[in-house]
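**Q** Following my numbering, the numbering of the sequence shown begins with 515 at its first residue and continues without gaps.
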Amino acid sequence: MKSRILVINCGSSSLKFALIDTASGDAVLTGLAEKLGLAEGVISFKHESGKDSQPLTEASHDAAMHAIISRLRSLDLLDSVKAVGHRVVHGGEHFKASALIDDTVVAEIEKCAKLAPLHNPAHLLGIRTAVQQFPGLPQVAVFDTAFHQSMPEQAYLYAVPMSLYRDHGVRRYGFHGTSYRYVSAEAARMLGKPLAETAVVCAHLGNGASAAAILGGKSVDTTMGLTPLEGLVMGTRSGDIDPGVFGYLASELKLDVNGVTDLLNKQSGLLGLSEISSDCRELEDAALAGDAAAILALEVFSYRLAKHIAALTVALGRLDALLFTGGIGENSSYLRARVMKQLGFLGLKLDEAANNAFIRGKAGRISATDSVPALVINTNEELMIAQDTATLAGLDA
Ligand code: ADP
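#1: Mind checking whether A573 and L546 have CB atoms under 8 Å apart?
#2: Can you list, in chain order, the residues of its chain with a C-beta nearer than 6 Å to that of P569? Leave out the 5 residues immediately preceding and following it.
#3: Please confirm whether any heavy atom of ligand 1 lies closer than 7 Å to the CB of R795.
#4: In chain order, which beta strand (DSSP E) runs of at least 3 residues are fully inside the stretch 618-698?
#5: To the nearest angstrom, report how far apart Y672 and H682 are at their CA atoms.
#6: From F559 to T883, what distance separates their C-alpha atoms?
#7: Just the C-alpha distance for F609 and A627, rounded to the nearest angstrom, thanks.
#8: Taking the C-alpha atoms as reference points, what is the distance between R850 and G841?
#9: Among the candidates P649, S563 and K855, whose CA atom is the shortest distance from the CA of L589?
#10: Can you tell me the Cα-Cα spacing of N772 and A578, whole angstroms?
#11: Bridge partners for R874 per DSSP, in chain order?
#12: Compare the C-alpha of F760 against each of G745, F531, V602 and L777 and name the closest.
#13: Is L826 near A702, with beta carbons less than 8 Å apart?
#14: According to DSSP, is Q856 part of a helix, a strand, or is it coil?
#15: Once the 5 residues before and after H561 are set aside, which same chain residues still bring their CB inside 6 Å of it?
#16: Please determine whether the Cβ atom of I873 lies at a distance below 7 Å from any heavy atom of ligand 1.
#17: Ligand 1 heavy atoms versus the CB of S526: any closer than 7 Å?
#18: Which same chain residues, not among the five before or five after A660, have their C-beta less than 6 Å away from its C-beta?
#19: What span of residues does the beta strand (DSSP E) with Q568 cover, start to end?
#20: For the beta strand (DSSP E) containing A547, list its first residue and its last residue.
#21: Quick check on DSSP: helix, strand or coil for C599?
#22: Going by C-alpha distance, which of A644, S885, A669 and A811 is nearest V828?
#23: Starting from H718, trace the alpha helix (DSSP H) both ways and give me its first and last residue.
#24: By Cβ distance, which residues of its chain are closer than 6 Å to G979, with the 5 residues on each side in sequence left out?
#25: Would you kindly report the start and end of the unbroken beta strand (DSSP E) that includes T839?
#26: Within its chain, find whatever has a CB closer than 7 Å to the CB of A636; leave out the 5 residues flanking it on each side and keep chain order.
#27: At the level of alpha carbons, what is the spacing between R818 and I534?
#28: If the criterion is Cβ atoms closer than 8 Å, does the pair L810 and C794 meet it?
#29: Should A801 and E789 be called a contact, given that it needs their Cβ atoms to be closer than 8 Å?
#30: Is it buried or exposed, Y762, if we count other Cβ atoms within 10 angstroms and call 16 or more buried?
Following this line, the structure appears as structure tokens:
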């Protein structure tokens with residue numbers, strides 16, 4: 515009997531899942547339930563036999579889980595599910611690694627919910643639903659923040675009164691850790707070096723975007739902070755901004771804290787700058803057609819990214835490789851080229867033909883032979899979650 519892990523990424527109105535084979539690492543069945551909590555929930559499935567979607571009888575996480583179970587049963591896959599792995603965004607300082615879920619772990623995830631009010635409550639809902647529907651199966655939580663717990667104090671402390679850190683946990687936590695763990699290990703393999711001897715900067719560029727300095731396979735600094743708003747320009751998030759903006763906009767626009775937070779999270783970034791879209795692909799098309807606003811938005815994005823990559827090399831003391839991943843990192847030859855050019859002084863030189871020819875789904879090098887290597891690596895957070903889950907559930911071969 516094959517052994518497989520059900521990986522669940524539960525959002526407030528969505529539930530993304532993948533059934534991963536522990537031996538091959540392949541995704542046997544994947545899918546997404548959307549519009550949960552709204553009138554018309556829908557769930558889609560992708561399997562080697564094809565793709566399809568169906569409406570949910572009730573637009574709830576419970577109904578989505580029922581639909582997944584019934585699909586697993588009809589594909590004769592249900593009995594192969596040996597454990598469930600959950601993505602959890604915020605593990606605070608408590609979780610420095612993945613954890614086998616029990617009541618204490620659930621209580622700690624609940625405590626971290628104030629640091630990620632949009633995410634952790636949704637993850638808890640997913641955990642409770644899965645525990646109910648898969649009684650007896652081990653369940654594991656894998657945290658986006660855990661990988662960054664190795665950051666030194668000088669990187670994670672803000673220069674604010676220490677009591678805010680001690681009493682309220684105000685510090686930099688960082689996110690995308692599961693992706694960084696996967697990509698940095700892949701990079702070591704591609705570089706032909708033991709992970710412990712590598713010093714890389716990795717840019718994970720999706721709708722949310724961050725970069726991290728990873729020394730010997732451990733995070734030593736990253737661009738996101740207490741929340742995923744700090745750092746790079748993102749699809750709709752501003753990234754770094756003068757905190758004075760809060761007071762200024764409060765008085766200019768008569769906005770309260772939530773109003774300004776919302777503006778910086780949902781109406782800023784590429785969308786706010788371009789006034790066209792938050793989607794990098796659309797902006798790239800517009801930029802190539804000569805649209806000045808799209809060109810400017812991408813310019814601000816790539817300049818900020820290059821500036822942060824350079825700053826992160828301070829934490830490393832050297833640079834063995836620059837890594838690109840995430841939807842934009844894996845697809846946008848346009849942005850990769852801009853960033854590489856801006857970082858020429860660090861010894862990065864683009865191989866234009868390799869950059870333009872790079873196809874998503876393959877890991878590869880986009881730098882010239884006499885350059886510090888620049889690698890594009892397709893991230894695989896689901897595989898990392900499945901591997902941690904298999905290990906903690908004692909399913910490793
Ligand atoms: P998320 O952070 O939601 O997981 P993804 O990692 O899927 O997001 O990345 C989404 C981003 O990737 C979007 O900005 C999208 O436009 C961009 N992207 C996807 N394909 C391309 C492409 N071919 N060229 C440029 N950008 C792309």
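C-beta: ideal position from N, C-alpha, C; glycine also.
Keep in mind it's a predicted model, so treat the numbers as computed, not measured.
**A** Checking against the coordinates, here is how it stands:
#1: Numbered from 1 along the sequence shown, position 59 holds the residue referred to as residue 573. Numbered from 1 along the sequence shown, position 32 holds the residue referred to as residue 546. Not a contact, by the Cβ cut-off of 8 Å.
#2: Taking the first residue of the sequence shown as position 1, residue 569 is located at position 55. Once the five neighbours on either side are set aside, the close Cβ partners of P569 are V556.
#3: By one-based count along the sequence shown, residue 795 stands at place 281. True, at least one ligand heavy atom lies under 7 Å from that Cβ.
#4: 653-657
#5: On the sequence shown, position 158 is the one that residue 672 refers to. On the sequence shown, position 168 is the one that residue 682 refers to. About 13 Å.
#6: For the purposes of this step, residue 559 is identified with residue 45 of the sequence shown, where counting begins at 1. For the purposes of this step, residue 883 is identified with residue 369 of the sequence shown, where counting begins at 1. When rounded, the distance between both Cα atoms is 42 Å.
#7: Looking up residue 609 in the sequence shown gives position 95. Looking up residue 627 in the sequence shown gives position 113. When rounded, the distance between both Cα atoms is 13 Å.
#8: Taking the first residue of the sequence shown as position 1, residue 850 is located at position 336. Taking the first residue of the sequence shown as position 1, residue 841 is located at position 327. Whole-angstrom Cα-Cα distance: 12 Å.
#9: For the purposes of this step, residue 589 is taken as the residue at position 75 of the sequence shown. Out of P649, S563 and K855, S563 has the C-alpha closest to the C-alpha of L589.
#10: Taking the first residue of the sequence shown as 1, we reach residue 772 at position 258. Taking the first residue of the sequence shown as 1, we reach residue 578 at position 64. Whole-angstrom Cα-Cα distance: 31 Å.
#11: For this step, residue 874 is matched to residue 360 along the sequence shown. Answer is none; R874 lacks a bridge partner.
#12: Position 246 of the sequence shown, counted from the first residue, corresponds to residue 760. The residue with the shortest Cα to Cα distance from F760 is L777.
#13: Along the sequence shown, read from residue 1 onward, the residue named residue 826 stands at position 312. Along the sequence shown, read from residue 1 onward, the residue named residue 702 stands at position 188. Contact: no.
#14: Taking the sequence shown and counting its residues from 1, one reaches residue 856 at position 342. Helix at Q856.
#15: Taking the first residue of the sequence shown as 1, we reach residue 561 at position 47. Within the same chain, H561 has close Cβ partners L543.
#16: Taking the sequence shown and counting its residues from 1, one reaches residue 873 at position 359. Checking the Cβ of I873 against ligand 1 gives no.
#17: Residue mapping note: residue 526 aligns to position 12 of the sequence shown, counting from 1. For ligand 1, not one heavy atom lies less than 7 Å from the Cβ of S526.
#18: For the purposes of this step, residue 660 is taken as residue 146 along the sequence shown, with counting starting at 1. For A660, where only same-chain residues beyond five positions count, the Cβ hits under 6 Å are G605, F609, K610, A611 and G691.
#19: For the purposes of this step, residue 568 is identified with residue 54 of the sequence shown, where counting begins at 1. Looking at the DSSP string, the run of the beta strand (DSSP E) that includes Q568 is G564 to P569.
#20: Residue 547 sits at position 33 when you count from the first residue of the sequence shown. That run of the beta strand (DSSP E) goes A541 to E548.
#21: Here residue 599 refers to the residue found at position 85 when the sequence shown is read from its first residue. Looking at the sequence shown, residue 599 is not Cys but Gly. If DSSP states are grouped into helix, strand and coil, G599 belongs with the strands.
#22: Here residue 828 is taken as the residue at index 314 of the sequence shown, counted from 1. Looking at the Cα atoms, A669 is the closest of the given residues.
#23: Counting from 1 along the sequence shown, the entry for residue 718 is found at position 204. Careful: H718 lies outside any alpha helix (DSSP H), inside the beta strand (DSSP E) at A713 to L719.
#24: This structure cannot speak to residue 979, because the chain is shown only from 515 to 911.
#25: In the sequence shown, the residue the question calls residue 839 occupies position 325. Unbroken beta strand (DSSP E) run through T839: A835 to T839.
#26: Stepping through the sequence shown from its first residue, residue 636 is reached at position 122. If we look at A636 and ignore the five residues flanking it on each side, its Cβ neighbours are C524, G525 and S526.
#27: For the purposes of this step, residue 818 is identified with residue 304 of the sequence shown, where counting begins at 1. For the purposes of this step, residue 534 is identified with residue 20 of the sequence shown, where counting begins at 1. C-alpha separation (whole angstroms): 36 Å.
#28: For the purposes of this step, residue 810 is taken as the residue at position 296 of the sequence shown. For the purposes of this step, residue 794 is taken as the residue at position 280 of the sequence shown. No, they are not a contact pair.
#29: As a first step, residue 801 is located in the sequence shown; it is residue number 287 there, counting from the start. As a first step, residue 789 is located in the sequence shown; it is residue number 275 there, counting from the start. Not a contact, by the Cβ cut-off of 8 Å.
#30: Here residue 762 refers to the residue found at position 248 of the sequence shown. So Y762 ends up on the exposed side.
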